[in-house]
Amino acid sequence: MYTAEEIGNAIKKRRRQLKITQKEFAERLGKSERTIQKYESGEITMKIDFIKLVADELEIPWHELLEAKTDEIGIVSSENEFPSCRFHTLSDVINALFTITEIKDIAFQLTCAKPPESPDWTSALMVDGKGNGTYNADFCLFMENWMDKLAALQSGSINQEQFETWKRETLEYYSDSYFSDFISQRAKNRKAKGKQKKVDYSAIQIVSTREESNKNE
């Protein structure tokens with residue numbers, strides 16, 4: 001992750017692009033103008049939840065602020081239109097899983113199997129294509145297509161360039177498949193002025209692999 005100073009510079013640059021004053025920005029975020037100055041100068045390290053809130057106000061993907069060394073923050077090009085997520089530790093992966101399973105429009109299932117109940121030790125994040133999530137079927141169709149493309153790449157039927165082209169086309173195809181709470185959540189964030197949202201975990205289905213008898217022990 002980049003330094004607080006680099007992230008602060010990216011925020012200041014984007015804020016100026018949108019012609020938003022520090023005072024106005026502070027009011028939107030429910031902070032003092034001096035606090036905004038400290039954020040932009042890198043004196044204060046921001047938590048990820050607040051960076052996401054800031055990114056919403058700046059109308060850019062939050063991870064773009066974490067890629068603050070780019071000279072074109074907020075400017076979309078063919079190369080950075082879909083910037084990759086950065087994973088440097090297992091914590092980054094786990095945090096991404098936490099975020100993914102909070103999505104309301106895809107109903108995820110968590111499963112884990114290990115001996116003695118199962119001969120193998122496996123865990124998975126699953127999606128039922130016939131489930132209730134708005135994008136469950138779309139997700140499963142994507143996964144099927146992805147596996148086909150990977151198999152074609154591994155067999156030599158397509159080359160790396162063709163595979164990368166397919167990836168870009170796929171991202172472009174789904175780029176307007178907005179989640180149902182995108183607009184409403186953004187409005188709530190502005191109204192809450194920095195308050196942490198309450199996450200509903202009830203939609204995540206836990207698939208038990210233990211025998212019923214074990215539950216009664």
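Mapping of the sequence shown onto UniProt numbering: residues 1 to 217, in sequence order. By construction, the Cβ of each residue, glycine as well, lies at the ideal position given by its N, Cα and C atoms. None of the values given here were measured: they were computed from a predicted structure.
For Met147, which residues does DSSP report across the bridge? Note: Met147 sits in no beta bridge, so no partner.
DSSP has Val127 in a bridge; who is on the other side? Answer is Phe108.
Around the Cβ of Tyr178, are there at least 16 other Cβ atoms within 10 angstroms (buried) or fewer (exposed)? The residue in question, Tyr178, is exposed, as its Cβ has fewer than 16 Cβ neighbours within 10 Å.
Give the single residue among Gln154, Ala107 and Ala124 whose Cα lies nearest to the Cα of Ala113. Of Gln154, Ala107 and Ala124, the residue nearest in Cα terms is Ala124.
What did DSSP end up calling Thr45 once you bin it into helix, strand or coil? Reduced to three states, the DSSP call for Thr45 is coil.
Cutting at 6 Å between CB atoms, please list the residues of its own chain near Gln109, excluding the five before and the five after it. Cβ neighbours of Gln109 within its own chain (closer than 6 Å, five residues either side excluded): Met126, Gln205 and Val207.
Distance CB(Glu33)-CB(Lys47) smaller than 8 Å: Against a cut-off of 8 Å, the Cβ pair of Lys47 and Glu33 comes out as no contact.
By the 10 Å Cβ neighbour count, where 16 or more other Cβ atoms means buried, how is Arg86 classified, buried or exposed? Exposed, since its Cβ has fewer than 16 Cβ neighbours within 10 Å.
Once the 5 residues before and after residue 220 are set aside, which same chain residues still bring their CB inside 6 Å of it? Given a span of 1 to 217 for the chain in the structure shown, any question on residue 220 remains unanswerable.
Once you ignore the five residues that flank Asp120 on each side, which residues in its own chain have a CB closer than 8 Å to its CB? The answer, listed in chain order, is Ala113 and Lys114.
Measuring straight from C-alpha to C-alpha, what distance separates Glu26 and Gln160? In the sequence as presented, Glu is not what sits at residue 26; that position holds Ala. Looking at the two C-alpha atoms, the distance is approximately 46 Å.
Thr134 - DSSP class collapsed to helix/strand/coil: In the structure shown, Thr134 falls within a coil segment according to DSSP collapsed to helix, strand and coil.
Measuring only the C-alpha atoms, how far is Lys149 from Asn132? Straight-line Cα distance between these residues: approximately 27 Å.
Work out the CA separation of Ser175 and Ser118 for me, nearest whole Å. C-alpha separation (whole angstroms): 39 Å.
Cβ pair Thr134, Ser180 closer than 8 Å: Result yes, Cβ atoms of Thr134 and Ser180 sit closer than 8 Å.
Rounded to the nearest angstrom, what separates Lys97 and His88 at their Cα positions? The amino acid at residue 97 is misidentified as Lys; the sequence shows Leu. Rounded to the nearest whole angstrom, the C-alpha separation of Leu97 and His88 is 15 Å.
Per DSSP, what kind of secondary structure is Ile206 in: helix, strand or coil? Per DSSP, reduced to three states, the secondary structure at Ile206 is strand.
Quick check on Thr122: does DSSP put it in helix, strand or coil? DSSP places Thr122 in strand when its eight states are reduced to three.
Per DSSP, the bridge partner or partners of Ala113: Ala113 pairs with Thr122.
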